[in-house]
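Peer 1: If you scroll down you'll find the structure; I have some questions about it.
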Amino acid sequence: MLGYIDSTAVVSEGLQAALAHAQEYSLPAPDATVGQLLTTLAASATHPDNPKSAGVIAVSPASSVVGLYLLQGLPEKGVLTCIDPEVEHQRHAKHAFREAGYSASRIRFLPSRPLDVMGRLAAASYQVIYADVPSTDLPKLVETAWPLLGRRGTLVLANSLLDGTIGDSSRNDRATHAAQTADEYCRKLDDAIITRLPLGSGLTLVTKL
């Protein structure tokens, strides 16, 4: 089934180049299934309190891939924020977005560690936040990202279930413990719907009610 999805997915030249860049630098990038999900989430990302605008965030070293999927579905006046400390990857993303025809005014780049800068972003201003970070950063990232989401906004945590080892109570390494802590934090949120999908190493979607 996944093979069929991959074989029938429409991949632009720009996305092909972005995927090649991610592969060259061994960057974790969403596959076609996750990418199409991001496009769909972005397409419904109009802020309920301001129907003319929407904000989305890509926290990923493969921001060119993630960004292209998000921009494909983002409303015309929506703005994408890319957060990654590696200037080279952001430079490539800028080129990819420009070649794809997206205006620079719709995209901003924050070349910083996500946890250093996300706390300074405006609360309740984003409808989709995609994050692919080391497991050890997950608890703090979820805590920091959650206030940024507007009503009905969704936090997407890539590879957050560690291929299922998150459920192994015998594991006591830092990465597994951090992933378990983040998962427990999400499950205890009163104003959220949690969805877990067997995509990548396990995808978690947390939607604010």
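Under the working numbering, the very last position in the sequence shown is 222; numbers go up by exactly one each time. Cβ coordinates follow ideal geometry from the N, Cα and C atoms, glycine included.
#1: For Ser5, which residues from the same chain have a beta carbon less than 7 angstroms from its beta carbon, with the 5 sequence-adjacent residues on both sides left out?
#2: Given a threshold of 16 other Cβ atoms within 10 Å of its Cβ, counted over all protein chains shown, does Val87 qualify as buried or as exposed?
#3: In whole angstroms, what separates the C-alpha of Thr149 from that of Leu174?
#4: What do you get for Gly68, buried or exposed, if any count of 16 or more other CB atoms within 10 angstroms of its CB means buried?
#5: Applying the criterion that 16 or more other CB atoms from any shown protein chain within 10 Å of the CB defines a buried residue, is Thr53 buried or exposed?
#6: Out of Asp145, Tyr139, Val47, which has the shortest C-alpha to C-alpha gap to Lys221?
#7: In whole angstroms, what separates the C-alpha of Gly91 from that of Ala195?
#8: Reducing DSSP to helix, strand and coil, say where Lys153 ends up.
#9: Going by beta carbon distance, what residues of the same chain come within less than 8 angstroms of Thr189, once the five residues before and after it are set aside?
#10: Comparing C-alpha positions only, which one of Leu84, Gly215, Thr94, Cys199 sits nearest to Gly27?
#11: Find out if the Cβ-Cβ distance for the pair Val169, Tyr143 is shorter than 8 angstroms.
#12: Which residue's Cα is closest to the Cα of Glu101: Gly114, Phe122, Pro152?
#13: Between Ala191 and Met131, what straight-line distance do the alpha-carbon atoms span, to the nearest angstrom?
Peer 2: With the given structure in hand:
#1: Coverage of the chain is limited to positions 14 through 222, which leaves residue 5 absent and any answer about it impossible.
#2: Numbered from 1 along the sequence shown, position 74 holds the residue referred to as residue 87. The sequence given here has Leu at residue 87, not Val. Counting Cβ neighbours within 10 Å, Leu87 comes out buried, since at least 16 surround it.
#3: By one-based count along the sequence shown, residue 149 stands at place 136. By one-based count along the sequence shown, residue 174 stands at place 161. Roughly 12 angstroms between the two C-alpha positions.
#4: As a working note, residue 68 is residue 55 in the sequence shown. Buried, because 16 or more other Cβ atoms sit within 10 Å of the Cβ of Gly68.
#5: Position 40 of the sequence shown, counted from the first residue, corresponds to residue 53. Thr53 comes out exposed.
#6: Here the question's residue 221 lines up with position 208 in the sequence shown. Minimum Cα distance to Lys221 is reached at Tyr139.
#7: Within the sequence shown, residue 91 is the residue found at index 78, counting from 1. Within the sequence shown, residue 195 is the residue found at index 182, counting from 1. If I take the Cα positions, the gap works out to 29 angstroms.
#8: Translated into positions along the sequence shown, residue 153 becomes position 140. Helix, per DSSP.
#9: The residue given as residue 189 occupies position 176 in the sequence shown. So the qualifying residues of the chain are Ser148, Leu175, Thr178, Ile179, Asp181.
#10: The residue labelled residue 27 in the question sits at position 14 within the sequence shown. If we check each option's Cα against that of Gly27, Leu84 comes out closest.
#11: Working through the sequence shown from its first residue, we reach residue 169 at position 156. Working through the sequence shown from its first residue, we reach residue 143 at position 130. Contact flag set, yes.
#12: The sequence position of residue 101 within the sequence shown is 88, counting from 1. Among Gly114, Phe122, Pro152, the Cα nearest to that of Glu101 is on Phe122.
#13: Along the sequence shown, read from residue 1 onward, the residue named residue 191 stands at position 178. Along the sequence shown, read from residue 1 onward, the residue named residue 131 stands at position 118. Computed Cα separation, rounded: 19 angstroms.
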